[in-house]
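Trainee: Residue numbers (the numbering used here), protein chains in the order written: chain S, -11 to 195; chain L, -11 to 195.
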DNA sequence: TTTGGTAGTCACTAATTAGTGACATACTTT
DNA sequence: AAAGTATGTCACTAATTAGTGACTACCAAA
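1) Using a C-beta to C-beta distance shorter than 7 Å, which residues of chain L count as neighbours of residue 144/S?
2) Excluding five sequence neighbours on each side, which residues of the same chain lie with their C-beta closer than 7 Å to the C-beta of residue 103/L?
3) Could you give the first and the last residue of the continuous alpha helix (DSSP H) run that contains residue 2/S?
4) Taking CB distances under 7 Å as the criterion, tell me whether residue 56/L reaches chain S.
5) So which of 140/L, 106/L, 93/L, 186/L has the shortest CA-CA distance to residue 171/L?
6) From what residue to what residue does the alpha helix (DSSP H) around residue 100/S run?
7) Would you check if the segment 151 to 164 of chain L and the segment 84 to 93 of chain L touch, i.e. whether three or more CB-CB distances between them fall below 8 Å?
8) Determine the extent of the alpha helix (DSSP H) in which residue 119/L is found, giving its start and end residues.
9) Who are the near neighbours of residue 186/L in its chain, counting only those whose CB is closer than 8 Å to its CB and skipping five residues on each side?
10) Considering only DSSP beta bridges, list what residue 183/L is partnered with.
11) Secondary structure at residue 196/S, three-state DSSP: helix, strand or coil?
12) Excluding the 5 residues flanking residue -11/S on each side, which residues of the same chain have their C-beta closer than 8 Å to its C-beta?
13) Under the rule that 16 or more other beta-carbon atoms within 10 Å means buried, what is residue 144/S, buried or exposed?
14) Between the segment 159 to 178 of chain S and the segment 128 to 143 of chain L, are three or more C-beta pairs nearer than 8 Å?
15) Specify, as a first and last residue, the run of the alpha helix (DSSP H) that residue 131/S falls within.
16) With distances taken Cα to Cα, identify the nearest neighbour of residue -5/L among 36/L, 124/L, 130/L.
17) What in chain L is Cβ-close to residue 102/S, meaning under 7 Å?
18) When you compare the CB positions of residue 96/S and residue 10/S, do they come within less than 7 Å of one another, or not?
19) So, residue 181/L versus residue 136/S, is the Cβ gap smaller than 7 Å?
20) By the criterion of Cβ-Cβ separation under 9 Å, what are the contact partners of residue 122/L in chain S?
21) Between the Cα of residue 65/L and the Cα atoms of 20/L, 194/L, 129/L, 138/L, which residue gives the shortest distance?
22) Apply the 10 Å Cβ neighbour rule to residue 56/L and answer buried if 16 or more other Cβ atoms are within range, or exposed otherwise.
23) What residue does the alpha helix (DSSP H) around residue 43/L start on, and which one ends it?
24) Listed from N- to C-terminal order along the chain, which residues in the segment -5 to 8 of chain L have their beta-carbon within a distance smaller than 7 Å of any beta-carbon of chain S?
25) DSSP beta-bridge partners for residue 23/L?
Put into structure tokens, the structure is as follows:
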């Protein structure tokens, strides 16, 4: 029988409370008092179990998977078809579509990204570094197949950064450059824009 | 002779203190105590002269010209040549170049943009709205000349958003998607990427 | 059943926050 | 010069912050 006093469970409650607060209000109002109250747990346990708020945040960050899961996006790829330019184009669109969808849907990821922008500490630096390492999958795929990494890298950087910023903006703004980023319709137009860029680029390669 | 007690000067000291703090540490540590200390002025004057911190921040934001000054970028345009597709293409590149340069150089603008991302209040909402209104100049120019606003809007949104996010990231990250966003070289590559997109798009129109 | 360690509670400190009321001093107007 | 007003100073409150020390209660092993 599980003990009435359960350290593991209490730790988990604290970690979950961090997620709840970040998802609801962002990282601004996070502090030992807030988290302890949300978890309905005494704040002294944060110090006992995690050594302080930083340790708790670290535990939180490493339990969740905050970088975009590129491997998942790459799962559906049929390697033997990658030499088919047309297939490669579709894969590219598919990956960008996945990034857009994930960025729009994952509120906690949005908050983490903003946190990384606002304050740089050991934790946010680590998260950013992990993301940078894992997030260049599309570039590597295209450069591996096309042998044009130099040219394609900045293009993907612009596009991914654009989608990211639009998603972050959509938290509080309804429009950006005339596009309604608070509606599915507007995001559909953005996706069309992404596809257009991909189409144009692959066309230019075919020539 | 100027009086020893100078309300105007004191107000300006407070406004400047806001700028100093924002430039140094961003919006995180801003508060009546911090600002008053930085300005070497009693905090009660913030309430007397500005009605509180919000009023002071508003005065700060509106004293500076924080939206990208589109009018300035549009100054060099020779209207009679705008029907020349090739000239239009160059103007587009030039405007994007201006946005990129401004975003990279203007640290205070970067902080304001991050502030807008982090907390939404009357002031940040107003700033965002102003920027949205003024910031669609390029779109209007192209759609006016090309009559393809629907298609061009999301493309520009993605590109401008991308440049913005890369600039914000560059405050604390050295790389994004393999591009070195902390070096002039890396930003040169990004600009090449922008030009590439513009070239491709205008090519597609010529067909 | 006693004993030792641990999970969890509670009450406190010291620092910092936003905001206010009372006061003094300088400048201006009469 | 006298009086009044506005500028600036100081001391205070109440709330909230991070962090600590002392305590109780439970659980497991001896």
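No residue lacks a Cβ here, since even glycine has one placed at the ideal position from N, Cα and C.
Mentor: Taking the definition as stated:
1) Taking the first chain and counting its residues from 1, one reaches residue 144/S at position 156. What residue 144/S touches in chain L: 165.
2) For the purposes of this step, residue 103/L is identified with residue 115 of the second chain, where counting begins at 1. 15, 112, listed in sequence order.
3) One-based indexing of the first chain puts residue 2/S at position 14. Residue 2/S -> alpha helix (DSSP H) spans -5 to 13.
4) For the purposes of this step, residue 56/L is taken as the residue at position 68 of the second chain. With a pLDDT of 47 at residue 56/L, under the threshold of 50, the modelled position of this residue cannot be trusted; read the value that follows with caution. No, residue 56/L lies away from the interface with chain S (no Cβ there is under 7 Å from its Cβ).
5) Position 183 of the second chain, counted from the first residue, corresponds to residue 171/L. The shortest C-alpha separation from residue 171/L is found at 93/L.
6) Position 112 of the first chain, counting from 1, holds the residue named residue 100/S. Start and end: 95 to 106.
7) Result yes; three or more Cβ-Cβ pairs closer than 8 Å.
8) As a first step, residue 119/L is located in the second chain; it is residue number 131 there, counting from the start. Counting along the chain, the alpha helix (DSSP H) containing residue 119/L begins and ends at 110 to 122.
9) Counting from one through the second chain, the residue named residue 186/L turns up at place 198. Excluding residues within five positions, the ones whose Cβ falls inside 8 Å are 77, 80, 81, 84.
10) On the second chain, residue 183/L is found 195 positions in, with the first residue counted as 1. Answer by DSSP bridge pairing: none, since residue 183/L is not bridged.
11) Past the edges of chain S, shown from -11 to 195, lies residue 196/S, and the structure says nothing about it.
12) Locating residue -11/S in the first chain gives position 1, counting from the first residue. Model confidence at residue -11/S stands at a pLDDT of 47, short of 50, so the residue's coordinates are unreliable and nothing is read from them.
13) Position 156 of the first chain, counted from the first residue, corresponds to residue 144/S. Buried, by the Cβ-count rule.
14) Taking 8 Å as the limit for Cβ pairs, the verdict is that the segment 128 to 143 of chain L does touch the segment 159 to 178 of chain S.
15) Position 143 of the first chain holds residue 131/S. From DSSP, the alpha helix (DSSP H) with residue 131/S extends over 125 to 134.
16) Indexing the second chain from 1 puts residue -5/L at position 7. The alpha carbon of residue -5/L has as its nearest neighbour, out of 36/L, 124/L, 130/L, the alpha carbon of 36/L.
17) One-based indexing of the first chain puts residue 102/S at position 114. Correct list: 105, 106.
18) Along the first chain, read from residue 1 onward, the residue named residue 96/S stands at position 108. Along the first chain, read from residue 1 onward, the residue named residue 10/S stands at position 22. Their beta carbons are under 7 Å apart, which means residue 96/S touches residue 10/S by this criterion.
19) For this step, residue 181/L is matched to residue 193 along the second chain. For this step, residue 136/S is matched to residue 148 along the first chain. The Cβ atoms of residue 181/L and residue 136/S do not sit closer than 7 Å to each other.
20) Counted from its first residue, the second chain places residue 122/L at position 134. Going along chain S, no residue has its Cβ under 9 Å from residue 122/L, so there is no contact; the nearest lies around 11 Å.
21) As a first step, residue 65/L must be located in the second chain, where it is residue number 77. For the residues 20/L, 194/L, 129/L, 138/L, the minimum Cα distance to residue 65/L belongs to 129/L.
22) Taking the second chain and counting its residues from 1, the one referred to as residue 56/L is at position 68. Confidence in residue 56/L is poor, its pLDDT being 47 and thus under 50, which makes the residue's placement too unreliable to answer from.
23) Counting from one through the second chain, the residue named residue 43/L turns up at place 55. 41 to 51 is the span of the alpha helix (DSSP H), which, as asked, contains residue 43/L.
24) Per Cβ criterion, the list is empty.
25) In the second chain, residue 23/L corresponds to position 35, counting from 1. Per DSSP, residue 23/L has no beta-bridge partner at all.
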